[in-house]
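> Sending over a structure as structure tokens; questions will come in a sec.
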Amino acid sequence: MVLLFSLANTFVLAETTPAFEQFKMGNDAYKTGDYRTALEHYLEAENTTEGFVINYNLANSYYKLSKIPESILHYERALKFEPSNEDARYNLRLANEKIADRIENIPTSKLALWWDEQRFGIGPERWGTAALLLALLSGASLFLFAMSRKAGNRRIGFFAALITLSMALLTHQLARASYDNRYTETTAIVFTSKIDVKSEPRAESINVFVLHAGTKVSLIQRDSEWYEIEIGSGNKGWLKADDVVEI
Amino acid sequence: MLSIISVLVLALQATGQEVVFYATVDKNPVAMGDIFTYRITLENGKGDIESPDLKNFDIVFGPAQSSSLRIINGQQSSNLTLSYTLRPRGEGKYTIAPAKASVQGKAYTTRAIEVEVVKGSSSASQAQQQNQTGASRAQQSSGDDGLKLQIQSSKKSAYIGEAITVQYVLLSRYTSLDLGETEFPSIKGFWSEEIKIGQVNWEPTYEYINGVPFRKAILRKYVLFPQVGGKQTIESANLSARVNRNIFSMGTEVNVSSNKVTIEVQPLPVGAPEGFDGAVGEFDFSVKAERLEVDANNAIDLFVNVTGKGNLSLLDAPEVAFPEDFEVYDPEVKDRISVSLGGVSGTRTWHYLVIPRYPGEYAIPAIEFSYFDPSKEKYITKTEGPFTINVKGDESLVNETGGARAKSVVKQTKDEIRFIALDTEKLTPRKRTFYNTAGYYILFSLPFLAFVGFIALRKRRATLLADVAGIRRKGASKAVRRRLNAAENAMKNGDSKLFYVEIFTAIYGYLGDKLGMPQAQLTKTIVKDKLKEANIKDALVQEALYIIETCEMARFSPVTEQSDKVFYQRTVEFIEKLDELLK
């Protein structure tokens, strides 16, 4: 019962909530080309909502207002919810063309994209639900195995329990992966127009390379106010945590 | 010394000629001890000439007055000159103040002349004299005062793309001069257009440098368009010439280098309009389309003209957005451009040939041309159009004639982001996910915990059930021990009959309990079968049957063949053995 209730809650947002109204007003403003107003409404809606559409629309508004780093940040966030969304990927590519740094990105294959969509797109809620159902099924199969007096039924129960248990563990792992992808911060976007990336978490240390606003970096570890980061080309260095915004 | 000389020229009145009043010296600088001539000339006028104060110089001779009158093609020109021969009194720089003249009530002044007097060595003039008197050896000197090469530019600072005129000027005081090698380094940082001047000729007027008149010839002229910002230098030119050549002398070879010219090139100001493509100058823009109504597959000519002054030859065609369905050929560029000291001017025309393939009404959007006007210091955009082109014809016919044309491919013309997502259904509230909460993990493990609990429960019940038989079996040992004790007592009392009865009851009760059967149903055959069923060895089965039979017999007749004690022992051993096997 609890499960069903939480599922129902995930997918339906009552049409009367203020977030919904704000989102609609944002859409209307965007249609008329008033991107500044659209952005304000979207930001209002973002306080209480998440997911693909709100981040995608926010990113579009930022792009139109030439705030490219913000735009890239929200495209990346949107893609966490729908990794293979064609429009968001296209727009992100355009936005990335406008930033100063050109870091070679490995093109993503169709298969990898499909796998990302399965893992991250379906989301922790649904994968978790599947895991719970499979665990329930596995328990039922165990009961069949233990209760039945017929040898045939006992065998069916045993194997069914084994299979459903392994599937439950697998879906639980997928839910975990999806959850980590969405809610743990492993990447960030540079927001300062120019940063000297340091060799050590110390302001006086040597500058190893320079990054500009809008570049995506991977976060390796944090040391008080410093992040160790890695960029697409494999270079590593340290920068101040307030120079980046976590995706 | 101040002298006022009144000059009366009674000759014909010079009409239509401008009054010119100037002063010259024939040497500057002057060596200490040398003499030089200072002349004041008044052309085309009559009046009083007031000589300046010449107190820094000794007047060797003068003032001498000469006048001339010329009539060329009916044009009169008169010339009145006062000349002083002077010798400097000391080294240094001395200024000869301006001379004044008054012609018909109008005042004229010459410019002041600064004469530099250098340390006295008259060898140069002696050498010159020697040359003039016929010394046959050629002398070389560089930086000769009598010959100068100058680069003169019209501007010292310009915008990128703004025209600058530059002249290489030769100035000479020698009467005879043969030009030798000239070297003009290439001009870097500029797009240059040379103005053709043909043969080099002396100009009719003199150029005065510090009051010394020089003859002037322009060797080369360029119109330059700066291409890069910053300080740009035009490197100096070099020239060698042979001077004072005559039938007696080879003359002297003189090498001169020109000055360098540095031009401050300013980048164009920010805020260029979108279509700006580097045009700098003053331009007019026009677009002429011939035949705005054509049949399909007939060509349309479109002429895009830019007329004016500026970097015309550097211009690229303004962008024309023809409809996608038109076949467009690269434009043909036609120039009517002339290069002069005023800059580059003329017309550049782009001639487009386009062929509409399908009938219909098409629009060519407005064509824009933007340029920077350096004199107004702002960008100007001129617009022509839009144009509407009406293409007539029958669709089916067109397809036949233009059949080779493939289906048009949808082309993306501009990169712009895709539209926002409108699907409000997908807006999800921000909330804590059920996944990864304690509730989730509890729900996940609940079926397994339930199963484990169930199994544990069942196991306990099974042991409880199993214990019912166990109790009876345990009871069996106790019961038989009780009976055996009773039999032992009977044996000690010598009551043989009771002894056997007790043994009999003990063995039957024991077997009944062990084999789980009521005593009433026990017969010898059943006992035999049951024991065999329980995998008891034949020897023990036989022993059991023997004990039962002996007891049955002893009821009726006293047993004589063995003592009660031995039998009792056999029975106890048997029960112990069986007890081990039937647990």
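These protein sequence lines map, in sequence, to chains X and B. Per our numbering, residue 12 is the first one in the first sequence, and the count goes up by one each step. Per our numbering, residue 597 is the first one in the second sequence, and the count goes up by one each step. Beta carbons: idealized from backbone N, C-alpha and C, even for Gly.
For D926(B), name the three-state secondary structure that DSSP assigns.
As a first step, residue 926(B) must be located in the second sequence, where it is residue number 330. D926(B): coil per DSSP, three-state reduction.
> How is the beta strand (DSSP E) around N806(B) delimited, first residue to last?
The residue labelled residue 806(B) in the question sits at position 210 within the second sequence. Taken as a continuous stretch (DSSP letters only), N806(B) belongs to no beta strand (DSSP E), as it is neither H nor E.
> Within 10 angstroms of the Cβ of Y53(X), are there 16 or more other Cβ atoms? Answer buried if so, exposed if not.
Counting from one through the first sequence, the residue named residue 53(X) turns up at place 42. It is buried - the Cβ of Y53(X) has at least 16 other Cβ atoms within 10 Å.
> May I ask which residues mark the beginning and end of the beta strand (DSSP E) holding I645(B)?
Taking the second sequence and counting its residues from 1, one reaches residue 645(B) at position 49. Here the beta strand (DSSP E) through I645(B) covers 643-646.
> Per the contact definition of three or more C-beta pairs closer than 8 Å, is the stretch 759-768 of chain B in contact with the stretch 802-813 of chain B?
Taking 8 Å as the limit for Cβ pairs, the verdict is that the stretch 759-768 of chain B does touch the stretch 802-813 of chain B.
> Skipping 5 residues on each side, what residues in its chain have a beta carbon closer than 8 Å to that of G939(B)?
As a position in the second sequence, residue 939(B) is number 343, starting the count at 1. Counting only Cβ-Cβ distances below 8 Å, and skipping sequence neighbours, we find A759, T761, V819, G877, K905, G906.
> Using 8 Å as the Cβ pair cut-off and three pairs as the minimum, do the stretch 890-903 of chain B and the stretch 944-956 of chain B touch?
The stretch 890-903 of chain B is in contact with the stretch 944-956 of chain B.
> By a C-beta neighbour count over all protein chains shown, 10 Å radius and 16 as the cutoff for buried, is D926(B) buried or exposed?
Counted from its first residue, the second sequence places residue 926(B) at position 330. Exposed, because fewer than 16 other Cβ atoms sit within 10 Å of the Cβ of D926(B).
> Could you name the residues of chain X that K1010(B) contacts, counting a contact when the two beta carbons are closer than 7 Å?
Residue mapping note: residue 1010(B) aligns to position 414 of the second sequence, counting from 1. In chain order: nothing, as chain X lies at least about 11 Å away.
> Would you mind giving the Cβ-Cβ distance between F968(B) and A875(B), rounded to the nearest angstrom? I have them listed as a contact below 8 Å.
Position 372 of the second sequence, counting from 1, holds the residue named residue 968(B). Position 279 of the second sequence, counting from 1, holds the residue named residue 875(B). Indeed they touch by this definition, with Cβ atoms about 7 Å apart.
> Could you check the C-alpha separation between T637(B) and V699(B) for me, to the nearest Å?
One-based indexing of the second sequence puts residue 637(B) at position 41. One-based indexing of the second sequence puts residue 699(B) at position 103. Straight-line Cα distance between these residues: approximately 13 Å.
> Check distances from the C-beta atoms of the stretch 93-112 of chain X to those of chain B and list, in chain order, the residues that come in under 7 Å.
Answer in chain order: D98, Y101, N102, L105.
> Identify which residue in E1098(B), K1022(B), S836(B) has its Cα closest to the Cα of G742(B).
The residue labelled residue 742(B) in the question sits at position 146 within the second sequence. When each option's Cα is compared against that of G742(B), the closest is S836(B).
> Please classify V714(B) as buried or exposed, where buried requires at least 16 other C-beta atoms within 10 Å of its C-beta.
What you label residue 714(B) is simply residue 118 of the second sequence in a count that begins at 1. Exposed, because fewer than 16 other Cβ atoms sit within 10 Å of the Cβ of V714(B).
> Would you list, in chain order, the members of the stretch 1008-1032 of chain B that have their beta-carbon closer than 7 Å to a beta-carbon of chain X?
Within the stretch 1008-1032 of chain B, the residues whose Cβ lies closer than 7 Å to some Cβ of chain X are D1011, I1013, R1014, I1016, A1017, L1018, D1019, T1020, K1022, L1023, T1024, P1025, R1026, T1029, F1030, Y1031, N1032, listed in chain order.
> Closest Cβ-Cβ distance between A868(B) and chain X: below 7 Å?
The residue given as residue 868(B) occupies position 272 in the second sequence. It does not: the Cβ of A868(B) has no partner Cβ on chain X nearer than 7 Å.
> By DSSP, does K974(B) sit in helix, in strand, or in coil?
Residue mapping note: residue 974(B) aligns to position 378 of the second sequence, counting from 1. Of the three classes helix, strand and coil, the one that applies to K974(B) here is strand, per DSSP.
> Should I1016(B) be labelled buried (16 or more other beta-carbon atoms within 10 Å of its own) or exposed?
What you label residue 1016(B) is simply residue 420 of the second sequence in a count that begins at 1. That one is buried.
> From the DSSP output, in three-state form, read off I859(B) for me.
For the purposes of this step, residue 859(B) is taken as residue 263 along the second sequence, with counting starting at 1. Note: I859(B) maps to strand in three-state DSSP.
> Could you check whether V656(B) and I631(B) sit closer than 7 Å to each other, using their CB atoms as the reference points?
What you label residue 631(B) is simply residue 35 of the second sequence in a count that begins at 1. What you label residue 656(B) is simply residue 60 of the second sequence in a count that begins at 1. It is a contact, given that the beta carbons lie within the stated cut-off.
> Rounded to whole angstroms, what is the Cα-Cα separation between E1139(B) and N1085(B)?
For the purposes of this step, residue 1139(B) is identified with residue 543 of the second sequence, where counting begins at 1. For the purposes of this step, residue 1085(B) is identified with residue 489 of the second sequence, where counting begins at 1. Taking the straight line joining both Cα atoms gives about 23 Å.
> Kindly indicate which three-state DSSP category L775(B) falls into: helix, strand or coil?
The residue labelled residue 775(B) in the question sits at position 179 within the second sequence. If DSSP states are grouped into helix, strand and coil, L775(B) belongs with the strands.
> Does N164(X) have its Cβ less than 7 Å from a Cβ in chain B?
Residue mapping note: residue 164(X) aligns to position 153 of the first sequence, counting from 1. Answer no: the Cβ-Cβ gap between N164(X) and chain B never drops below 7 Å.
> List, in chain order, every chain B residue whose beta-carbon is nearer than 7 Å to that of E136(X).
As a first step, residue 136(X) is located in the first sequence; it is residue number 125 there, counting from the start. Those within 7 Å of E136(X) in chain B are T1029, F1030, Y1031.
> Return the chain-ordered ranges of every beta strand (DSSP E) run that is complete within the stretch 621-687 of chain B and spans a minimum of 3 residues.
Listed in chain order, the complete beta strand (DSSP E) runs (minimum 3 residues) inside the stretch 621-687 of chain B are 632-639, 643-646, 653-668, 671-684.
> The beta strand (DSSP E) that contains W237(X), what's its start and end?
If you number the first sequence from 1, residue 237(X) lands on position 226. Run containing W237(X): 237-241, per the beta strand (DSSP E) assignment.
> Residue range of the alpha helix (DSSP H) that D1160(B) falls in?
If you number the second sequence from 1, residue 1160(B) lands on position 564. Where D1160(B) is concerned, the enclosing alpha helix (DSSP H) stretches over 1160-1177.
> Using three-state DSSP, classify S204(X) as helix, strand or coil.
Translated into the one-based positions of the first sequence, residue 204(X) becomes position 193. Three-state result, S204(X): coil.
> Run down chain B in chain order and give the residues with a C-beta less than 8 Å from the C-beta of G150(X).
For the purposes of this step, residue 150(X) is taken as residue 139 along the first sequence, with counting starting at 1. Simply L1042, P1043, F1044, A1046, F1047.
> Starting from I1051(B), find everything on chain X with Cβ-Cβ shorter than 8 Å and list it in chain order.
As a position in the second sequence, residue 1051(B) is number 455, starting the count at 1. Under the 8 Å cutoff, chain X gives A157.
> Please report the straight-line C-alpha distance between T997(B) and I960(B), rounded to a whole angstrom.
Looking up residue 997(B) in the second sequence gives position 401. Looking up residue 960(B) in the second sequence gives position 364. Because T997(B) carries a pLDDT of 44, less than 50, the predicted location of this residue cannot be relied on, and the following value inherits that uncertainty. Approximately 24 Å between the Cα atoms of the pair.
> Measure the C-alpha to C-alpha separation of Y618(B) and A754(B) and round it to an integer number of angstroms.
Here residue 618(B) refers to the residue found at position 22 when the second sequence is read from its first residue. Here residue 754(B) refers to the residue found at position 158 when the second sequence is read from its first residue. Distance between the alpha carbons of Y618(B) and A754(B): 34 Å.
> Does the distance from the CB of I79(X) to the CB of G225(X) come in under 7 Å?
Sequence index remark: in the first sequence, residue 79(X) carries index 68 (1-based). Sequence index remark: in the first sequence, residue 225(X) carries index 214 (1-based). Yes.
> So, are the CB atoms of Y975(B) and P822(B) less than 7 Å apart?
The residue given as residue 975(B) occupies position 379 in the second sequence. The residue given as residue 822(B) occupies position 226 in the second sequence. No, Cβ-Cβ distance for Y975(B) and P822(B) is not below 7 Å.
> Between which residues of its own chain and A252(X) is the CB-CB distance below 8 Å, once the five residues before and five after are set aside?
Walking along the first sequence from the start, residue 252(X) turns up at place 241. Cβ within range, chain order: R233, E236, W237, Y238.
> Can you tell which of N1131(B), S1159(B), R1057(B), G1049(B) has its C-alpha closest to the C-alpha of F1095(B)?
Taking the first residue of the second sequence as 1, we reach residue 1095(B) at position 499. That would be S1159(B), whose Cα lies nearest to the Cα of F1095(B).
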